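A.B. asks: Here's a structure for you.
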Amino acid sequence: MFDGKKFPRLSWHWFAVAALMVAVLFFFRNPKRPPTPETLLPPVPSELETAYGISKAERAASPCFQTYEELLSDGVLDVRIVFGYKDARPARYVGDRYERAILVEYLLGECRAGFFACGFDRDAEDADLFRKTVRAANGAKVLVRVRVAASSVGPDDEENRERDASQPQQSAYAERVFLDGLKVADVVFYDGHSRDGGGPDFEPPQMLKDDHVNYYWYVLRTPGLSKTVDALKADSGKRRLVGVFSCVSDKHFSDVLLATKKKNGLITSPNLIYYTEALRNLIGGLSATIGQFCKHSFAAAVRADESRSSRLENFPAN
Amino acid sequence: MRNLVFFLLIVVAAKAGAAETAEWLRHAERLTGESEAVRERAIRRLKNVPGLEGQLTIALTGPDRFLAVDVIATLKLKNLLPLLIDLSRIDDTGTTYLAMNALMDKDNAPLLTKLYKDRLLANPPPALAARMVIIDTFGRIGFQLAAQELNQLYSRGIYEVKSAVVAYARLRLRAGVGIEAHSEFLKAALKSPYQQLRLQALYAIKDLPSAQQSPWRERLETCVGDRQEKVRELCLTVRNSLD
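These protein sequences, in sequence, are chains H and V.
Here the first sequence stands for residues -18 to 299, where the numbers follow our numbering.
Here the second sequence stands for residues 22 to 264, where the numbers follow our numbering.
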């Protein structure tokens, strides 16, 4: 083959072997994942700024880098995402299981440039738990652990509250995931009803006789907000990111939540928000956190920029 | 002068068109999250928007398509059902299926249920949320899927699809239909590696009509040794309630 004077002559067999090896390598390096759904992909800024782009010399003085350094210091990014009981009273429809499914499809789907809420594997025994490993900006391995819970057990509120024995335990589980997350997790997102400031809420709604939601009950008692504030006050001083993706959550919840621990980051909605927009902002917040986006890029991902679909406070630090 | 008047007329017409487009959107945004009075007012105003169906047809292909779908479902614009059927081919949120459900009546039910079934069993299947919507719809309206179709959905589906099949089976069992066939899915769920499915099956057994409960006393012998404490506890509770 090699006569010492010219380049070796390679027979076609070697090319075939090389091609086969490349194909095998490609197959095992890129296990087949379902394609990422398009509709609710968050915007990716044209000039993406992340903690990865900060040089070693600048890290100590970079609030963005230090935010993620603190958040990921234990090698784990612990995320809890809870869909509240998304009824449409006076109609009987309840939709949080479907919204959870939309998010799950992103989590399990393939990743693409600038999008990081993807490429997860589901736990073999716990259907609500998803994991993947990433590299932090400081080079350390980080386990990203995401628990995703829904509050309802079916799409019919009347069936759920009157004929399904599992509804109370599902509501209690969803609330526990949320409140425990406020005490120990790094990121806690709620996507549900505000109940006019009485939320977050994980149960079938309190209703009036005409099947409308009894907002007076929620405004007077603020059951969800009270428990949320108590949980935040009980935390250990750990900095976390809290997202409340519900209608007018900025007006209802921001001041009270920020007063509990000024170090926490907060994402809220300034206005009434359609469910697809709330979910898009949530997916954007998750992707931006895993991707360690800095301030302007993070704001773009959750559309807290000129879109004003969200309001972003204290995260990442300026 | 004539050209100036003509130009001004074009500008005014364009602005009027734009104002109408903005108008339907403004009303559509008040269909959710507002008081019932605001919602009812929005519905009345939407019904009075000139050329609404034409505007919605255009909106279905753009960024306002979710609001357009919401308006179609709320106002029950059955003329636009063919557009929803077409749009559902690329639906990755389940939204168009929910809208089609709102338009379902005894006349179009055969068409829609056939469409749903064909999509559900197709390869590749529709989006995960869409599959759940379809299975839930079949359970709610009592549409019977064949045992082998349910087997296919359960065995090949990921957790959310399996859970929807178990919920479907629960509803069919409560209706007293196909007891033996549908019980197989509760049995399969009891053996699932997912604790959530085992719990779901136990609750479904708890909700069964009393006439169907007795065979389950023996079948629940194994779950009292489940590795998850909450599954063990629920198993004991359900088994004791069947005595």
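From the three backbone atoms N, C-alpha and C, an ideal C-beta is built for every residue, glycine too.
On a predicted model such as this, the values are computed, not experimentally measured, just so you know.
#1: If you measure between the beta carbons of H/PHE159 and H/ARG61, is that distance less than 8 Å?
#2: Between the beta-carbon of H/PRO18 and the beta-carbon of H/TYR79, is there less than 8 Å?
#3: Have a look at V/ASN172 and H/ASP161 and give me their C-alpha separation to the nearest angstrom.
#4: Is any beta-carbon of chain V found at less than 8 Å from that of H/LEU53?
#5: Give me the Cα-Cα distance between V/VAL245 and V/LYS212, rounded to the nearest whole angstrom.
#6: Are there 16 or more other CB atoms within 10 angstroms of the CB of H/ARG10, so buried, or fewer, so exposed?
#7: Check whether the Cβ atoms of H/ASP77 and H/GLY173 lie closer than 8 Å to each other.
#8: Hey, V/VAL154 and V/GLY197 are a contact pair by Cβ (cut 8 Å); roughly how many whole angstroms apart?
#9: CB-CB under 7 Å to V/ASP85, same chain, minus the five flanking residues each way: which ones, in chain order?
#10: Any contact of the region 99 to 116 of chain V with the region 48 to 61 of chain H, i.e. 3+ C-beta pairs under 8 Å?
#11: Does the distance between the C-beta of H/PRO181 and the nearest non-hydrogen atom of the ligand FAD fall short of 7 Å?
#12: Please confirm if H/ILE264 has its CB atom under 8 Å from at least one CB of chain V.
#13: Tell me which residues share the same chain as V/LEU166 and place their Cβ nearer than 7 Å to its Cβ, disregarding the 5 neighbours each side in the sequence.
#14: Using 8 Å as the limit for Cβ to Cβ distance, is V/TYR137 near chain A?
#15: Scan the region 98 to 177 of chain H and note each continuous alpha helix (DSSP H) run of 4 residues or more that stays entirely inside, going in chain order.
#16: Classify V/TYR189 as buried or exposed, calling it buried when 16 or more other Cβ atoms lie within 10 Å of its own Cβ.
#17: Between H/LEU89 and H/THR257, which are expected to be in contact by the criterion C-beta below 8 Å, what is the C-beta distance as a whole number of angstroms?
#18: Measure how close the beta-carbons of H/ASP138 and H/ASP59 come, nearest whole angstrom, since I'm counting them as under 8 Å.
#19: Which residue's Cα is closest to the Cα of H/VAL25: H/LYS122, H/ALA281, H/LEU239 and H/ARG292?
#20: Taking just the CA atoms, how far does H/HIS(-6) sit from H/ALA131?
#21: Quick one: which residues of the region 7 to 41 of chain H get their C-beta closer than 8 Å to a C-beta of chain V? List them in chain order.
#22: Taking V/ARG260 as the reference, which of V/ARG51, V/GLN234 and V/ALA94 has the closest Cα?
#23: Since H/VAL210 is in the alpha helix (DSSP H), which residue starts that stretch and which ends it?
#24: So, helix, strand or coil for H/GLY246, using DSSP?
#25: At a CB-CB cut-off below 9 Å, which residues of chain V make contact with H/GLU78?
#26: Could you tell me which of V/ALA63, V/PRO214 and V/GLU254 sits nearest to H/ASP104, measuring between CA atoms?
#27: Chain H partners of V/TYR215, CB-CB under 8 Å?
#28: Pick helix, strand or coil for H/VAL283, following the three-state DSSP scheme.
#29: So, is the C-beta of H/ILE248 closer than 8 Å to a C-beta in chain V?
#30: Just to confirm my understanding: we take H/SER268, look at its own chain, exclude 5 residues before and 5 after, and list those with CB closer than 7 Å. What are they?
#31: Our contact map puts H/SER291 next to H/ILE264 with C-beta atoms below 8 Å; I'd like the distance itself, whole angstroms only.
#32: Which whole runs of the alpha helix (DSSP H) in the region 198 to 243 of chain V are 4 residues long or more, in chain order?
#33: Could you list which residues in chain V have their beta carbon closer than 9 Å to that of H/ARG144, in chain order?
#34: Against chain V, does H/GLU86 count as a neighbour if the rule is that its beta carbon must be under 8 Å from one of theirs?
C.D. replies: For this structure:
#1: For the purposes of this step, residue 159 of chain H is taken as the residue at position 178 of the first sequence. For the purposes of this step, residue 61 of chain H is taken as the residue at position 80 of the first sequence. In this structure, H/ARG61 lies closer than 8 Å to H/PHE159 by Cβ.
#2: As a working mapping, residue 18 of chain H is identified with position 37 in the first sequence. As a working mapping, residue 79 of chain H is identified with position 98 in the first sequence. In this structure, the beta-carbon distance from H/PRO18 to H/TYR79 does not fall below 8 Å.
#3: Within the second sequence, the letter at position 151 stands for residue 172 of chain V. Within the first sequence, the letter at position 180 stands for residue 161 of chain H. A straight line joining the alpha-carbon of V/ASN172 with that of H/ASP161 spans about 38 Å.
#4: The sequence position of residue 53 of chain H within the first sequence is 72, counting from 1. When Cβ-Cβ separations below 8 Å define contact, H/LEU53 makes no contact with chain V.
#5: As a working note, residue 245 of chain V is residue 224 in the second sequence. As a working note, residue 212 of chain V is residue 191 in the second sequence. For the pair V/VAL245 and V/LYS212, the Cα-to-Cα distance works out to about 12 Å.
#6: If you number the first sequence from 1, residue 10 of chain H lands on position 29. Bear in mind that a pLDDT of 45 at H/ARG10, under 50, signals an unreliable position, so the number given afterwards is only what the model happens to contain. Under the 10 Å beta carbon count, H/ARG10 is surrounded by fewer than 16 other beta carbons and is classified as exposed.
#7: On the first sequence, residue 77 of chain H is found 96 positions in, with the first residue counted as 1. On the first sequence, residue 173 of chain H is found 192 positions in, with the first residue counted as 1. A contact, by the Cβ cut-off of 8 Å.
#8: One-based indexing of the second sequence puts residue 154 of chain V at position 133. One-based indexing of the second sequence puts residue 197 of chain V at position 176. So it is not a contact: roughly 25 Å between Cβ atoms.
#9: Your numbering for residue 85 of chain V matches position 64 in the second sequence. The answer, listed in chain order, is LEU46.
#10: No, the region 99 to 116 of chain V is not in contact with the region 48 to 61 of chain H.
#11: Among the ligands in the structure shown, none appear at all, so the ligand FAD cannot be discussed.
#12: Residue mapping note: residue 264 of chain H aligns to position 283 of the first sequence, counting from 1. No, its Cβ sits nowhere closer than 8 Å to a Cβ of chain V.
#13: Residue 166 of chain V sits at position 145 when you count from the first residue of the second sequence. Scanning its chain for C-beta atoms nearer than 7 Å, with the 5 sequence neighbours on each side dropped, one finds around V/LEU166 the residues PHE159, in chain order.
#14: Included in the structure are the protein chains H and V, with no chain A among them.
#15: With a minimum length of 4 residues, the continuous alpha helix (DSSP H) runs that stay inside the region 98 to 177 of chain H are 138 to 144 and 148 to 165.
#16: Here residue 189 of chain V refers to the residue found at position 168 when the second sequence is read from its first residue. Looking at its Cβ environment, which holds 16 or more other Cβ atoms inside 10 Å, V/TYR189 is buried.
#17: If you number the first sequence from 1, residue 89 of chain H lands on position 108. If you number the first sequence from 1, residue 257 of chain H lands on position 276. Not a contact, Cβ separation roughly 20 Å.
#18: Within the first sequence, residue 138 of chain H is the residue found at index 157, counting from 1. Within the first sequence, residue 59 of chain H is the residue found at index 78, counting from 1. About 32 Å; that fails the 8 Å criterion.
#19: Locating residue 25 of chain H in the first sequence gives position 44, counting from the first residue. By alpha-carbon distance to H/VAL25, the top candidate from H/LYS122, H/ALA281, H/LEU239 and H/ARG292 is H/ALA281.
#20: For the purposes of this step, residue 131 of chain H is taken as the residue at position 150 of the first sequence. For the purposes of this step, residue -6 of chain H is taken as the residue at position 13 of the first sequence. Pairing H/ALA131 with H/HIS(-6), the inter-Cα distance amounts to about 55 Å.
#21: Within the region 7 to 41 of chain H, the residues whose Cβ lies closer than 8 Å to some Cβ of chain V are PRO18, GLU19, THR20 and LEU21, listed in chain order.
#22: For this step, residue 260 of chain V is matched to residue 239 along the second sequence. Answer by Cα proximity: V/GLN234.
#23: Within the first sequence, residue 210 of chain H is the residue found at index 229, counting from 1. Note, H/VAL210: alpha helix (DSSP H), 204 to 214.
#24: As a working note, residue 246 of chain H is residue 265 in the first sequence. Correct three-state label for H/GLY246: strand.
#25: Position 97 of the first sequence, counted from the first residue, corresponds to residue 78 of chain H. Here residue 78 of chain H is Arg; the residue named in the question, Glu, does not match the sequence. Result: ALA150, MET153, ASP157, GLU181, SER184 and ALA185.
#26: Translated into positions along the first sequence, residue 104 of chain H becomes position 123. When V/ALA63, V/PRO214 and V/GLU254 are compared, the shortest CA-CA separation from H/ASP104 is found for V/PRO214.
#27: Mapped onto the second sequence, residue 215 of chain V falls at position 194. Taking a Cβ-Cβ cut-off of 8 Å, the neighbours of V/TYR215 in chain H comprise GLU106, ASP107 and ALA108, given in sequence order.
#28: The sequence position of residue 283 of chain H within the first sequence is 302, counting from 1. If DSSP states are grouped into helix, strand and coil, H/VAL283 belongs with coil.
#29: Working through the first sequence from its first residue, we reach residue 248 of chain H at position 267. Answer no: the Cβ-Cβ gap between H/ILE248 and chain V never drops below 8 Å.
#30: Residue mapping note: residue 268 of chain H aligns to position 287 of the first sequence, counting from 1. Excluding residues up to 5 positions away in sequence, PRO23, PHE96, PHE97, ALA98 and ALA282 lie with their Cβ nearer than 7 Å to the Cβ of H/SER268 in the same chain.
#31: Taking the first sequence and counting its residues from 1, one reaches residue 291 of chain H at position 310. Taking the first sequence and counting its residues from 1, one reaches residue 264 of chain H at position 283. A Cβ-Cβ distance of about 12 Å is found for the pair H/SER291 and H/ILE264, leaving them out of contact under the 8 Å criterion.
#32: Counting whole runs of 4 or more residues, the region 198 to 243 of chain V contains the alpha helix (DSSP H) stretches 200 to 211, 216 to 227 and 235 to 240.
#33: Position 163 of the first sequence, counting from 1, holds the residue named residue 144 of chain H. What H/ARG144 touches in chain V, judged by beta-carbon distance under 9 Å, is ARG195 and ASP228, going in chain order.
#34: Numbered from its first residue, the first sequence carries residue 86 of chain H at position 105. H/GLU86 belongs to the set of residues whose beta carbon lies under 8 Å from a beta carbon in chain V.
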